[in-house]
């Protein structure tokens, strides 16, 4: 479907593409066979590429609505059209000639050959070394532990921040810190490739559009909203949402604390008119910090006994993989018992989505499939009990345990409470943090705790029928106990015991998703809830995930996320009628705007680079 170029934002009488580009659809040009293209068609395609480069180089805030519309269609086409791989030519009909290359000694290191005689400069690292060794300072604070014990809200020392750094410098410091932390860690350097693409990933584009389309349909059903028969063309509201993704704090902020979560995470409150004398934090930070899920022995003796039984030598799931190098090759290793568990869990994923099955390797992106991924998308990770010690390519929990990302906690609305945003870029498919808390049975949860808790297993998930049969070495008594506990409704409750993940807010347009990963065994106590990025998240953007349709139903119109899919916004009636095509164009344009802002950040005050 083509676009109707109605200029609602600019007085320009002509769209950015000119008359010659309105006559032909961008999609039609992309789908034509190369063998049948005439000189005119080739010229049109070249002009479209030049037009796209010109629009991408332009300041997003200065784009007219027509220009943004055309750019969104061009970006979507560029992301979805398959391209042929360029095969290098042979010289003289002989074998391909290769230049001398230098390889690193670690045989497991996943690095590209470096051509001898060429040195690559990293401008970002040079800036870090010149600016008072910022990166070294922040790297030392990553693993710092809080000296505050049994935190009481009345004893929190709050003061007005004398000099709050601008976001540009703050983001640059965080980016320097993350890159230096990776480079200085032998378990990450050369293995973890952290890049945010210039264009949105095709799989990410399809997943985000499908998730939003499903969210719109579910919301209309929950709140009895009428379904409109006619979809809308690319709307001006899409551009507004795409330009306002990141959070911009006020100039004056109230600094609360720097180590509330056993980590170096600064906390601010940005409510207008609030002072350090009138500040009220409530019970947000009154809880016990933990990096692992906790089981109360007195409340759940059977679960505690099963957990101990599962970690005995004859029941624990571990591998015997051992090789040279700082990282062991467990992923795709047929002899790795933990990897075999991963393969068995992978087969449990919905067969209707065979082309988009999720893999749980350590350093590759964990792309989440659309719709109800939580119920069948489960992984298994190596642990410290394995011969590899968990330092391998089959441990998705390794990156969250490194704590390399920089966060900031803030509050802009007293009703919504505190939220968390990232200060550095996080690529799509990255496991960011674990959601921890106290394991509780549904019967013990009260109504208030149910708003905080997230379910990990129950009888409806059918795990009690499949998981006990994964290991033939287990006794029948152990299988029976495991089946009994997996059939019970277990929740992770972070209200009194938890970590920083409890601050993540709900959003109707989430950028993270929750997945389940088992380690050592398959008891409920061995299940971890990990938050994985759905898309590239750039500095300053809030970290959010969808609490589920039950949460939306309880809100009954009271959601305050104000994102593109929020039913509490005035534009929901318009945007809920958008087709998947328009949603894809929105996400492609949104990614471009955010990537351009990100390039300006890492290049300091220099213009954004499109290389």
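In our numbering, the protein residues as written are 150 to 760. Beta carbons: idealized from backbone N, C-alpha and C, even for Gly. In this text the structure is predicted, and so the values were computed from the model without any measurement.
Out of the options, state which residue places its alpha-carbon closest to the alpha-carbon of residue i.
i           : options               : result
residue 561 : 538, 748, 399 and 316 : 399
residue 526 : 748, 429 and 610      : 610
residue 509 : 486, 578, 446 and 422 : 578
residue 569 : 640, 513 and 652      : 652
residue 404 : 383, 429 and 384      : 429
residue 223 : 460, 546 and 736      : 736
residue 333 : 365, 406 and 553      : 553
residue 357 : 750, 542, 752 and 714 : 714
residue 762 : 752, 336 and 319      : Not covered by the structure: residue 762. The range shown for the chain is 150 to 760.
residue 451 : 731, 590, 667 and 216 : 590
residue 433 : 532, 630 and 406      : 406
residue 364 : 749, 702 and 751      : 702
residue 479 : 522, 539, 436 and 431 : 539
residue 414 : 557, 680 and 672      : 557
residue 469 : 380, 488 and 457      : 488
residue 396 : 547, 427, 640 and 320 : 320
residue 360 : 536, 521 and 750      : 521
residue 666 : 544, 629 and 734      : 544
residue 362 : 227, 323, 599 and 733 : 733
Under a Cβ-count criterion, where at least 16 other Cβ atoms within 10 Å of its own Cβ denotes burial, should residue i be classed as buried or exposed?
i           : result
residue 462 : exposed
residue 197 : buried
residue 195 : exposed
residue 649 : buried
residue 586 : buried
residue 593 : exposed
residue 263 : Low local confidence applies: a pLDDT of 44 at residue 263 is under 50, so the model's placement there is unreliable, and no value is given.
residue 454 : exposed
residue 674 : buried
residue 626 : exposed
residue 731 : buried
residue 370 : exposed
residue 595 : exposed
residue 546 : buried
residue 184 : Below a pLDDT of 50, predicted positions are generally treated as unreliable, and residue 184, at 46, falls in that range; the measurement from the model is reported next regardless. By the neighbour-count rule (16 or more Cβ atoms within 10 Å), residue 184 is not buried but exposed.
residue 643 : buried
Have a look at residue i and residue j and give me their C-alpha separation to the nearest angstrom.
i           : j           : result
residue 347 : residue 386 : 23 angstroms
residue 201 : residue 394 : 22 angstroms
residue 327 : residue 573 : 8 angstroms
residue 325 : residue 213 : 35 angstroms
residue 203 : residue 384 : 22 angstroms
residue 425 : residue 571 : 25 angstroms
residue 176 : residue 747 : For residue 176, the predicted model reports a pLDDT of 40, less than 50, meaning its position is unreliable; a value from the coordinates is still stated below. Residue 176 and residue 747: Cα-Cα distance of roughly 29 angstroms.
residue 126 : residue 210 : Given that the chain is displayed from residue 150 to residue 760, the structure contains no residue 126 and the question cannot be resolved.
residue 565 : residue 199 : 45 angstroms
residue 745 : residue 646 : 40 angstroms
residue 372 : residue 563 : 26 angstroms
residue 229 : residue 354 : 9 angstroms
residue 485 : residue 341 : 21 angstroms
residue 636 : residue 607 : 5 angstroms
residue 467 : residue 491 : 12 angstroms
residue 601 : residue 583 : 15 angstroms
residue 588 : residue 567 : 24 angstroms
residue 460 : residue 670 : 7 angstroms
residue 682 : residue 709 : 22 angstroms
residue 423 : residue 402 : 9 angstroms
residue 634 : residue 389 : 49 angstroms
residue 416 : residue 555 : 12 angstroms
residue 436 : residue 443 : 13 angstroms
residue 438 : residue 621 : 37 angstroms
residue 219 : residue 729 : 17 angstroms
residue 499 : residue 518 : 10 angstroms
residue 632 : residue 677 : 18 angstroms
residue 551 : residue 221 : 37 angstroms
residue 205 : residue 217 : 10 angstroms
residue 727 : residue 215 : 18 angstroms
Compare the C-beta of residue i with all C-beta atoms of chain D and state if any pair is closer than 8 angstroms.
i           : result
residue 624 : In the structure shown, chain D does not exist; there is a single protein chain.
Would you say the beta carbon of residue i is closer than 7 angstroms to some non-hydrogen atom of the ligand NAD?
i           : result
residue 539 : Questions concerning the ligand NAD fall outside what the structure shown contains, since it holds no ligand whatsoever.
Taking three-plus beta-carbon pairs below 8 angstroms as touching, is the region 608–618 in contact with the region 466–486?
-> The region 608–618 is not in contact with the region 466–486.
Are the region 709–721 and the region 679–686 touching by the rule of at least three beta carbon pairs closer than 8 angstroms?
-> no
With contact counted as at least three CB pairs below 8 angstroms, one residue from each stretch, are the region 688–701 and the region 658–669 in contact?
-> Touching, per the Cβ criterion.
Take every Cβ of the region 576–591, pair it with every Cβ of the region 512–523, and state whether three or more of those distances are shorter than 8 angstroms.
-> yes
Could you name each continuous alpha helix (DSSP H) segment of 4 residues or more that falls completely within the region 365–395, going from the start of the chain to the end?
-> 385–392
Any chance the region 729–744 sits against the region 335–349, with 3 or more Cβ pairs inside 8 angstroms?
-> Touching, yes.
Can we say the region 528–537 touches the region 489–499, given the rule of at least three CB pairs closer than 8 angstroms?
-> yes
Whole alpha helix (DSSP H) elements within the region 473–505, 4-residue minimum = 486–495
Ordered list of alpha helix (DSSP H) runs contained in the region 523–594, each at least 4 residues | 547–551
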